[in-house]
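Trainee:
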Amino acid sequence: MRILLTDTLKPGQLEWLDERIDRITGEPSGKDLFLSYSLIGRKIPGSGVELNQAAPSAVTDYIREHGIRCDQLARIYLLASVLEADPEYFTPKVATLIQVADTGELVTFLRYLPVLPAAGAFKESAVEALRTNIATVFDAIALGNPYPVEHFNQQQWNQMYLKAAFMGRDLLQIQGVGKRANAELARIISDYAHERWAASRAVDPQIWRPVGPFLEGPLIGDMQRLLDSPDIREQQAGYLCCRASDSEAAGKLIDGHPVEKKYEANPFDWRDIKA
């Protein structure tokens, strides 16, 4: 992150940031941390970060993917610096800072949480973000972010996945869906779909992505419904779920089905199923 800031910021801006970090860590001060974090919005521009010269790494790749701005990078660099200097003192201070952050600051923290030292210490802040109805805040932790798959427990993961579906978010952007698939989530998805169907409401075909390994009981009936649907997207979802299953019943559902022939002629995956 330091190299990116050096390549992007003007010397005076970088000197100001370094001076603030030295002050905060020299005599550890939560008050100075809060003030500096707030002042970054005035001192550092919200322009794009120069990434052309950055050597490839997990951090730079993640930053490039999300199109970080200078002020966002400066805030994350500030937090990373103080956490590395004195994690015992600053971890609770950073947690408090995030509780009072405005929406934009919270989005920055959540989106770039994976690049912070000992990021697992801030799981409570990440889980709290799942309760919001502000799409930008929810998206920052749930979409395109590896943090949940690495740190959330099963209940938290399932809550996030269902909330994303309920809010109409792009489920393809959730990372680690296959890794965190579980039988309880498959049951929850089935219940959710039945509630939607009973109310004559549509169900995003992408929601079924984790259920393949757990097809049994009512889920077999759900797959039959998908495969019988006039909507090709639902047929494709049902086929991919059954194809991922070891269930004999699931295999029989797709054996000779027209969508199977389409798959054999032109293989598709979940990325090809548009919501």
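Residue numbers (our numbering): 431 to 705.
All C-beta atoms, glycine included, are put in the ideal place defined by N, C-alpha and C.
What residues are listed by DSSP as bridge partners for VAL499?
Mentor: According to the sequence displayed, residue 499 carries Arg and not Val. Answer is GLY478.
Trainee: Closer than 8 Å is the cut-off here; do at least three beta carbon pairs connect the segment 666-678 with the segment 634-652?
Mentor: Short answer: they touch.
Trainee: Quick check: the Cα distance between GLU558 and PRO688, rounded to an integer number of angstroms?
Mentor: Roughly 45 Å separates the two Cα atoms.
Trainee: May I ask you to verify whether the segment 619-631 touches the segment 577-587, counting CB pairs closer than 8 Å and requiring at least 3?
Mentor: Not touching, per the Cβ criterion.
Trainee: Can you say whether LEU465 is buried or exposed, counting buried as having 16 or more other CB atoms within 10 angstroms of its CB?
Mentor: So LEU465 counts as exposed.
Trainee: Among LEU463, GLY476, TYR467 and ASP491, whose alpha-carbon lies nearest the alpha-carbon of MET431?
Mentor: Taking only the C-alpha atoms, the option nearest MET431 is ASP491.
Trainee: Quick one, are the C-beta atoms of GLN605 and VAL579 less than 7 Å apart?
Mentor: Yes, the pair counts as a contact, with Cβ atoms nearer than the cut-off.
Trainee: In its own chain, which residues sit with a C-beta less than 8 Å from the C-beta of LEU439, not counting the 5 before and 5 after it?
Mentor: Within the same chain, LEU439 has close Cβ partners LEU447, ILE474, CYS500 and ALA504.
Trainee: What's the call for LYS461, buried or exposed, on a 16-neighbour Cβ count within 10 Å?
Mentor: LYS461 comes out exposed.
Trainee: Which residues in the same chain have their Cβ closer than 7 Å to the Cβ of PHE539, if we skip the five residues on either side of it in sequence?
Mentor: The answer, listed in chain order, is ILE528 and ALA531.
Trainee: What is the rounded straight-line gap between the Cα of ALA510 and the Cα of SER620?
Mentor: Cα-Cα distance, rounded: 41 Å.
Trainee: Let me know the secondary structure DSSP gives PHE644 once reduced to three states.
Mentor: Note: PHE644 maps to helix in three-state DSSP.
Trainee: So what's TYR542 in DSSP terms, helix, strand or just coil?
Mentor: Three-state result, TYR542: coil.
Trainee: For ALA595, name the three-state secondary structure that DSSP assigns.
Mentor: Helix at ALA595.
Trainee: Taking the alpha-carbon of GLN665 as reference, which of GLY497, THR455, VAL489 and TRP638 has the nearest alpha-carbon?
Mentor: GLN665 has its Cα closest to that of TRP638, out of GLY497, THR455, VAL489 and TRP638.
Trainee: Hey, could you find the ends of the alpha helix (DSSP H) PRO688 is sitting in?
Mentor: First-last of the alpha helix (DSSP H) with PRO688: 688-695.
Trainee: Within 10 angstroms of its Cβ, does ILE571 collect 16 or more other Cβ (buried), or is it exposed?
Mentor: Burial call: buried.
Trainee: Where do the N-terminal and C-terminal ends of the alpha helix (DSSP H) with SER466 fall, by residue?
Mentor: Residues 460-473.
Trainee: Tell me the rounded alpha-carbon separation between LEU444 and LYS704.
Mentor: Spanning the two alpha carbons is a distance of roughly 44 Å.
Trainee: Distance check for ASP661 and ASP702, CA to CA, integer angstroms please.
Mentor: Straight-line Cα distance between these residues: approximately 14 Å.
Trainee: Give me the residue from LEU513, LEU649, TYR591 and ARG450 with the minimum Cα distance to ALA679.
Mentor: Cα-wise, what sits closest to ALA679 is LEU649.
Trainee: For PRO576, which residues from the same chain have a beta carbon less than 6 Å from its beta carbon, with the 5 sequence-adjacent residues on both sides left out?
Mentor: PRO544 and GLN605.
Trainee: By Cβ distance below 6 Å, which residues in the same chain neighbour PRO458 in space, the five residues on each side in sequence not counted?
Mentor: Excluding residues within five positions, the ones whose Cβ falls inside 6 Å are ASP516 and TYR519.
Trainee: How long is the line joining the alpha carbons of LYS553 and LEU573, rounded to whole angstroms?
Mentor: So the alpha carbons of these two residues sit roughly 16 Å apart.
Trainee: Rounding to the nearest angstrom, what Cα-Cα distance links GLU646 and ALA595 in this structure?
Mentor: Approximately 22 Å, taken between the alpha carbons.
Trainee: Helix, strand or coil: which one does DSSP assign to LEU608?
Mentor: In the sequence as displayed, the identity of residue 608 is Gly instead of Leu. It is coil, neither helix nor strand.
Trainee: Would you identify the three-state DSSP class for GLU664, choosing helix, strand or coil?
Mentor: Looking at GLU664 - three-state DSSP - the assignment turns out to be helix.
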